[in-house]
Amino acid sequence: MPLIGLKESALKLILFGGKGGVGKTTCAVSTGVFLAKEFKTLLLSTDPAHSISDSLGQQIGDSIKEVKGIKNLWALEINADKALSEFKTEYAKEIREILDTSTNLDKDDIESVFSLSIPGLDEVMGFKTVLNLMDKGEFDKYIIDTAPTGHALRLLTMPQLLDGWIKMLAKIRWKYRYIIKTFSGRYVPDKADDFLLNMKKMVKKIGELIKDENRCEFIGVTIPEDMAIQETSRLIQSLSDYGVEVKQLVINNVMEPSDCKFCRERRKEQEKYISRIKKKFANLKTTLVFLRPREVKGMNDLNTFGLQLASQSDLQTSLASKLNAR
Ligand SMILES: Nc1ncnc2c1ncn2[C@@H]1O[C@H](COP(=O)(O)OP(=O)(O)OP(=O)(O)O)[C@@H](O)[C@H]1O
Ligand SMILES: [Mg+2]
5 MPLIGLKESA LKLILFGGKG GVGKTTCAVS TGVFLAKEFK TLLLSTDPAH
55 SISDSLGQQI GDSIKEVKGI KNLWALEINA DKALSEFKTE YAKEIREILD
105 TSTNLDKDDI ESVFSLSIPG LDEVMGFKTV LNLMDKGEFD KYIIDTAPTG
155 HALRLLTMPQ LLDGWIKMLA KIRWKYRYII KTFSGRYVPD KADDFLLNMK
205 KMVKKIGELI KDENRCEFIG VTIPEDMAIQ ETSRLIQSLS DYGVEVKQLV
255 INNVMEPSDC KFCRERRKEQ EKYISRIKKK FANLKTTLVF LRPREVKGMN
305 DLNTFGLQLA SQSDLQTSLA SKLNAR
């Protein structure tokens, strides 16, 4: 059975995640190609080693570009360094003001604190881009191609870390407010306070979006091999601890029935792992995708892959259904 629910109008954000090399980018990009037939879709990559461009066979980069050859599909490869420097340029005055008025740091110390990286900021900036576009109703669907497991978890849990950073700034700001209020009798919030409040609101909004199962879905991608299953298990558990329930799992690289002896052997081995996956993740819906003789690259391949992955009507689906039924 193919992936379900992708066309639900409430579902806006779809993330694909899993172990390195299992087919996350291929699933994300081909789902984008598939959904663009009916929805205005934006494909985003938060993987520092961007491969959307390679998969599509065209250069994307860090500003939203229309994908050539596919109507309604747009893509963006988020550049974390650029996002960080834009953030610092936009809010430099406010952050410096907080550190300057509320701490004993001298100018040099403030500059060195300011030049440190801010935990979780690049991930948050990625989501901020999505939230801003969502607020404006720019796209119907947003699909995120994440980096391998550890990074995907980072992506989802980093807003919490940034929240810690904001709280730290808020705390030192609060002391400043207290002193001003004590001596002058009143305190008028300024731009630095607005900045803290807005950041807090944004992190909260991101957390709400990620955990809202109607608006956001995290789809696991795995292959029928022992190490991949173990890593999938850890990923699903960590996501669940964080409040994100994975409901569907793609099992990629499944061998098609064949007369070749080598392929039969591989398939036999895979069947063992496929039944293990089904037992281990009995409450998840699984979608099998066949291993192709060549890598999946360019529009034709992506289109076929997308149909097998997400379309109810594709011929391949009936074959996959047979395997699924075992
Ligand atoms: N079903 C398949 N049949 C044949 N080749 C596939 C299949 N799925 C993916 N591939 C190929 O396998 C390679 C790895 O796929 P992909 O880049 O999607 O994996 P990934 O999980 O995103 O990897 P990374 O963790 O490095 O980001 C690519 O060359 C892709 O074309
Ligand atoms: Mg990838």
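Residues 5 to 330 in my numbering are what the sequence shown spells out, letter by letter. Using N, Cα and C, we set each Cβ at its ideal position, and we do this for glycine too.
Not one heavy atom of ligand 1 is found less than 7 Å from the C-beta of residue 302. Remark: the shortest separation between the CB of residue 58 and any heavy atom of ligand 2 does not fall under 7 Å. Beta bridge pairing from DSSP links residue 21 with 224.
Between the segment 75-84 and the segment 181-189, the count of C-beta pairs closer than 8 Å stays below three; the two stretches do not touch. Between residue 194 and residue 173, the alpha-carbon positions lie close to 14 Å from each other. If you draw a 10 Å sphere on the C-beta of residue 10, you find 16 or more other C-beta atoms in it, and that means buried. Taking the Cα of residue 308 as reference, the smallest distance to any Cα among 17, 24, 36 is reached at 36.
The Cβ-Cβ distance between residue 45 and residue 76 falls below 8 Å. Per DSSP, the beta-bridge partners of residue 258 are 294. It is roughly 5 Å from the alpha-carbon of residue 63 to the alpha-carbon of residue 57.
Cβ-Cβ separation between residue 224 and residue 21: approximately 6 Å, consistent with a contact (criterion under 8 Å).
Between the beta-carbon of residue 15 and that of residue 296 there is about 27 Å, and that puts the pair past the 8 Å contact cut.
Inclusion of residue 55 in the 7 Å shell around ligand 1 follows from its C-beta lying nearer than that to a non-hydrogen atom of the ligand. When distances are taken from the beta-carbon of residue 291 to the heavy atoms of ligand 2, even the shortest one reaches 7 Å or more. Residue 149: not part of any alpha helix (DSSP H); member of the beta strand (DSSP E) spanning 145-149, first to last residue. Sorting 42, 203, 215 by C-alpha distance to the C-alpha of residue 94 places 203 at the top. In this structure, the C-beta of residue 70 stays at least 7 Å away from each heavy atom of ligand 1. Residue 277 places its beta carbon 8 Å or farther from that of residue 240. Distances from the CB of residue 51 to the heavy atoms of ligand 1 include at least one below 7 Å. The C-beta separation of residue 149 from residue 28 comes to about 6 Å, placing the pair in contact by the 8 Å criterion.
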